[in-house]
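Everything on this sheet refers to the single structure shown next.
Numbering (my numbering), first residue to last: 1 to 348.
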């Protein structure tokens, strides 16, 4: 067993990065508990594991005193000096008390400690791996439902998609392949807890980075995202390169790039609009697909008054005000939309 123990510790150090010294210390501490539990002694003991051979020895430790009150913990100075004349009061005397049958208990205890350390090392590695991926996309397979949570198999770990991060109306069936945003990674006693999201704007941003090389390479920049998950989103893009069409790059040949993102989001509508440093132009662009005639921005109140053709008033506002709401969220301006006739009546 002893040789096997040394081999196991060395292998664990190589493969899992757990220092052999720390493992040995953990095994020694566990063996002290095992000794006391199995041999019911009140002695103060020390366990020593030889790092070269794996040999395990138990030593009773007693303090040198003038008058002994507890022989399990103390030894008279005369008795100690009979062993070694150099002993003085306050020193510690050790003598080996390794039981003959301790080998089997030691083997079982050492195995449990090693297995526990393997689990801890694996949890640590998984935590580090996914903690470094917070704010990134992962691909997983729907594994099961736990209450209203959707558990997603991510390979080496399992992620949790809570109800608050699920797209309204989206159905998650066992075996479905999903792209999710890593919202948070928490350390728990049972290992890392990976919280996923399908509603976070970061998911949409990362999908564009995956599908559009110009965004990945920094030629086209995403300036803002406003999202109502499962329904509609607006994405503002910009490029400094006059030879690059930022919107065209995102749409892709025959709309393939944007369609891939829409498919991943299971039909969520996407408006890709051109960002502009001029807030009036930016607000007008943000109301796409409606076309604005004029936009007046009041810097003090942060209100943008928009005039649109009468026949496009309902399009500019959108169903239940969604288009105007998303435009306001994207630009940071409160948007007040009026039809051309209505605006003339007000001005008169």
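From the three backbone atoms N, C-alpha and C, an ideal C-beta is built for every residue, glycine too.
Residue range 279 to 286 is occupied by the alpha helix (DSSP H) that includes residue 283. Residue 76 and residue 86 have their C-alpha atoms some 14 Å from each other.
Residue 234 and residue 292 do not touch by the CB rule: their CB atoms are close to 15 Å apart, not below 8 Å. Nearest neighbour of residue 342 by Cα position, chosen from 324, 317, 332, 308, turns out to be 308. In terms of Cα proximity to residue 245, the closest of 274, 162, 261, 112 is 274. Between residue 142 and residue 154, the gap from beta carbon to beta carbon reaches 8 Å or more. DSSP lists no beta-bridge partner residue for residue 324.
Taken in chain order, the unbroken stretches of beta strand (DSSP E) that lie wholly in the segment 28 to 84 and span 3 residues or more are 44 to 49, 56 to 65, 74 to 76.
The alpha-carbon separation between residue 281 and residue 321 amounts to approximately 21 Å. Taking the Cβ atoms as the reference, residue 331 lies roughly 7 Å from residue 279, within the contact range of under 8 Å.
For residue 145, the enclosing beta strand (DSSP E) stretches over residues 137 to 146.
Distance from the CA atom of residue 253 to the CA atom of residue 208, rounded to whole angstroms, is 15 Å.
Fewer than three beta-carbon pairs drawn from the segment 162 to 180 and the segment 109 to 125 are found closer than 8 Å, and the two stretches are therefore not classed as touching. No residue range can be given for residue 164, since it is assigned to no alpha helix (DSSP H) and is classified by DSSP as neither H nor E.
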